[in-house]
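Chemist: Before we start, here is the structure in question, set down as structure tokens.
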Amino acid sequence: MDKVYFCILLLSCVLVACERTNSVYPLDTPALLQMYRLSRAWFFQTYGRNEQRSYSGKTGRVQEEIPSNVPFPCNVTGGRSAKVPDSVNRLRPGDIDVIAGMGDSLTAGHGLFARDLLESRIENRGASGAIGGERTWRTYLTLPNILKEFNPNLIGYALGDSQTIEPKSQLNVAEIGAISKDMPFMSKHLVDKMKNDSRIDINRHWKMISLLFGSNDFCTNICTDPPLSSVERHRTDLVEALRILRDNLPRTFVTVNVSPHLKILVDANKERFSLKCYLLSNLQCPCLFGTQYKNRREEYYDLISRWQEVEEEVVAYPEFHKNDFTVVALPTLKRIQLPLAEDGLADPSYLSSDCFHVSQKTNALYANGLWNNLLEPVGNKTNHTYPIYERFLCPTEDRPFFMTRENSPNNNEFRTSQKKNN
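Structural data, given as structure tokens:
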């Protein structure tokens, strides 16, 4: 088995070390792309598909299951409108009929249950915090599993272990390695999938779509592109993607899940050093972990912060706020910190076995934060996570709707502030 690990690591090193030419990557060549797809399929068949999760608890990377005698935290009565609302500003949780997700490895559920490096290549989409719907909230806290309590007929969420091209992925079109420039294509692909899905009434069903991009840009592009160019390209990519969704999908609530600041991963690996984590982190994220860029790390941290700001600025553009379409920034990952272990250092159980991607437990934190953000007013949404269920908001009689730019208290003050910042 050690030889297998070594071969995989060596092959990965070769691919990452290959120089780019005119923005062309090694996997852009047909032969290597085909090899990559075949290797992924082999990994899934050989080491994946273990959906019993009988082993997962031993790794400590999985949330504790909630007993059947413990009720759901919220009263779901009245959680779905008696009549389908016409306005996106009057959406209750149960009014969402279709859920979908776009993004990179975080949305794809990369290695959530992995016990070793091989299993870290498996995409556990069914437990992805933003778009997984495997089992229920008691086992895996995800946004779809929360919404299913309000609308059991919700569709679109991913199930089990799957790749994008497989039926179980459903409307989770995320791809590991995806970067900002992939957003427009992914938006078109998602629109096509929805329009070709016989279960979906495009004009009648309310749809929720989440977007999360950035980590791969931070890890592989930020150190090779001119300063700020990646950030401004991201603005262009995001605007184009949102326009595609707006122009093709009526009755849609889009969430831009603000990218996490990867300084937490650098700090976590620095505090709890291991040779395995050092090598894997340098391999997967050379811009932030590579020693050749160490002196520019603070500059890259500032660029990541600027990336986050750009996402919030684009979301505030008036063109993305109509009666049947809106975009809201959910910043729960913006200032995320890994929980601490008993020794006072970052708890490694919140990371996957490759020391870089996150575990199911972190996805549960993420889902809890997304849910809270949806119920918090625009301009006053929490930009960090809490321990699972420590703070779990519920709709109230005064605030039964998901909060948008238009229905948030003091929204006029917020819009004025955004204009000044722009």
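Taking mature numbering (1 follows the signal peptide of the UniProt record, and there is no 0), I'd label the letters of the sequence shown as residues -18 to -1, 1 to 404. Don't be surprised by glycine CBs; every beta carbon is placed ideally from N, CA and C.
(1) Rounded to the nearest angstrom, how far is the Cβ of threonine 234 from that of isoleucine 182, given a contact under 8 Å?
(2) Tell me whether glutamine 145 is buried or exposed, calling it buried when 16 or more other Cβ atoms sit within 10 Å of its Cβ.
(3) Go ahead and label asparagine 404 buried or exposed: buried means 16 or more other beta carbons lie within 10 angstroms of its beta carbon, across all protein chains shown.
(4) Is any non-hydrogen atom of the ligand MN found closer than 6 Å to the C-beta of glycine 83, if you look at the structure I gave you?
(5) By alpha-carbon positions, which one of Lys316, Tyr299, Tyr260 and Pro232 ends up nearest to tyrosine 283?
(6) Taking all protein chains shown into account, decide if methionine 84 is buried (16 or more other Cβ within 10 angstroms of its Cβ) or exposed.
(7) Output the distance between the C-alpha atoms of serine 36 and glutamate 116, rounded to the nearest integer angstrom.
(8) By Cβ distance, which residues of its chain are closer than 6 Å to glycine 108, with the 5 residues on each side in sequence left out?
(9) Can you tell me whether DSSP reads aspartate 380 as helix, strand or coil?
(10) Run the CB neighbour count on phenylalanine 200, radius 10 Å, all protein chains shown included, and call it buried at 16 or more, exposed below.
(11) Excluding five sequence neighbours on each side, which residues of the same chain lie with their C-beta closer than 7 Å to the C-beta of aspartate 42?
(12) Count the other CB atoms within 10 Å of the CB of leucine 20; is the residue buried (16 or more) or exposed (fewer)?
(13) For a minimum of 3 consecutive residues, which ranges assigned as the beta strand (DSSP E) are wholly contained in the stretch 339 to 379?
(14) Quick one: what's valine 58 bridged to in DSSP?
(15) Do the CB positions of leucine 347 and valine 296 come within less than 7 Å of each other?
(16) Report the rounded CA-to-CA distance for threonine 118 versus isoleucine 48, giving the unit in angstroms.
(17) Under the DSSP definition of a beta bridge, which residues are partnered with glycine 114?
(18) Classify isoleucine 161 as helix, strand or coil using the three-state DSSP reduction.
(19) May I ask which residues mark the beginning and end of the beta strand (DSSP E) holding threonine 308?
(20) Check whether the Cβ atoms of leucine 270 and valine 248 sit closer than 7 Å, and answer yes or no.
(21) Would the stretch 163 to 173 count as touching the stretch 238 to 248 if we require 3 or more Cβ pairs under 8 Å?
(22) For glycine 60, does the count of other Cβ atoms within 10 angstroms reach 16, so buried, or fall short, so exposed?
(23) Let me know if proline 377 comes out buried or exposed under the rule of 16 or more other beta-carbons within 10 Å of its beta-carbon.
(24) Bridge partners for phenylalanine 105 per DSSP, in chain order?
(25) Where do the ends of the beta strand (DSSP E) carrying phenylalanine 235 lie?
(26) Please state the DSSP three-state secondary structure of valine 155.
(27) Counting beta carbon pairs with one atom in the stretch 286 to 305 and one in the stretch 216 to 230, are three or more of them shorter than 8 Å?
(28) To which residues does DSSP link leucine 193 through a beta bridge?
Modeler: Taking the coordinates as given:
(1) Counted from its first residue, the sequence shown places residue 234 at position 252. Counted from its first residue, the sequence shown places residue 182 at position 200. The pair is not a contact, with the Cβ atoms about 11 Å apart (cut-off 8 Å).
(2) Residue numbering aside, residue 145 sits at position 163 when the sequence shown is read from its first letter. For glutamine 145, the number of other beta carbons within 10 angstroms of its own is at least 16, and it is reported as buried.
(3) Looking up residue 404 in the sequence shown gives position 422. Note on asparagine 404: pLDDT 39, under 50, position unreliable in the model; no value is reported.
(4) You won't find the ligand MN in this model; it holds no ligand whatsoever.
(5) For the purposes of this step, residue 283 is taken as residue 301 along the sequence shown, with counting starting at 1. When only C-alpha atoms are compared, the closest one is Lys316.
(6) Taking the sequence shown and counting its residues from 1, one reaches residue 84 at position 102. Answer is buried; the Cβ neighbour count reaches 16.
(7) Within the sequence shown, numbered from 1, the residue matching residue 36 stands at position 54. Within the sequence shown, numbered from 1, the residue matching residue 116 stands at position 134. In this predicted model, serine 36 has a pLDDT of only 41, less than 50, meaning its place in the structure is not dependable; the value taken from the coordinates is given anyway. Distance between the alpha carbons of serine 36 and glutamate 116: 15 Å.
(8) Start at 1 with the first residue of the sequence shown, and residue 108 comes out as number 126. So the list reads Gly114, Glu116, Ala140, Leu141 and Gly142, once near-sequence residues are dropped.
(9) Within the sequence shown, numbered from 1, the residue matching residue 380 stands at position 398. Here aspartate 380 sits in coil by DSSP.
(10) Position 218 of the sequence shown, counting from 1, holds the residue named residue 200. So phenylalanine 200 ends up on the buried side.
(11) Indexing the sequence shown from 1 puts residue 42 at position 60. Inspection of the sequence shows that residue 42 is occupied by glycine rather than by aspartate. Answer for glycine 42: Ser331, listed in chain order.
(12) Taking the sequence shown and counting its residues from 1, the one referred to as residue 20 is at position 38. It counts as exposed.
(13) As far as the stretch 339 to 379 is concerned, it has no whole beta strand (DSSP E) run of at least 3 residues.
(14) Here residue 58 refers to the residue found at position 76 when the sequence shown is read from its first residue. Paired residue(s): none; valine 58 is not in a bridge.
(15) The sequence position of residue 347 within the sequence shown is 365, counting from 1. The sequence position of residue 296 within the sequence shown is 314, counting from 1. At the C-beta level, leucine 347 and valine 296 stay beyond 7 Å of one another.
(16) As a first step, residue 118 is located in the sequence shown; it is residue number 136 there, counting from the start. As a first step, residue 48 is located in the sequence shown; it is residue number 66 there, counting from the start. A direct Cα-to-Cα measurement between threonine 118 and isoleucine 48 gives close to 10 Å.
(17) Counting from 1 along the sequence shown, the entry for residue 114 is found at position 132. Ala140, per the DSSP bridge assignment.
(18) The residue you call residue 161 lines up with position 179 of the sequence shown. Coil.
(19) Working through the sequence shown from its first residue, we reach residue 308 at position 326. 307 to 312 is the extent of the beta strand (DSSP E) around threonine 308.
(20) Taking the first residue of the sequence shown as 1, we reach residue 270 at position 288. Taking the first residue of the sequence shown as 1, we reach residue 248 at position 266. By the CB criterion at 7 Å, leucine 270 and valine 248 fall inside the cutoff.
(21) With the cut-off at 8 Å, the stretch 163 to 173 and the stretch 238 to 248 do not touch.
(22) Start at 1 with the first residue of the sequence shown, and residue 60 comes out as number 78. Its Cβ having fewer than 16 others within 10 Å, glycine 60 is exposed.
(23) Counting from one through the sequence shown, the residue named residue 377 turns up at place 395. With a threshold of 16 other beta carbon atoms within 10 Å, proline 377 meets it and is buried.
(24) Along the sequence shown, one-based indexing puts residue 105 at 123. The identity of residue 105 in the sequence shown is glutamate, whereas the question assumes phenylalanine. Answer by DSSP bridge pairing, in chain order: His92.
(25) Residue 235 sits at position 253 when you count from the first residue of the sequence shown. Annotation for phenylalanine 235: the continuous beta strand (DSSP E) segment containing it runs 234 to 239.
(26) Translated into the one-based positions of the sequence shown, residue 155 becomes position 173. If DSSP states are grouped into helix, strand and coil, valine 155 belongs with coil.
(27) Contact between the stretch 216 to 230 and the stretch 286 to 305 is present, because at least three Cβ pairs lie under 8 Å.
(28) Counting from one through the sequence shown, the residue named residue 193 turns up at place 211. Leucine 193 pairs with Met84 and Val238.
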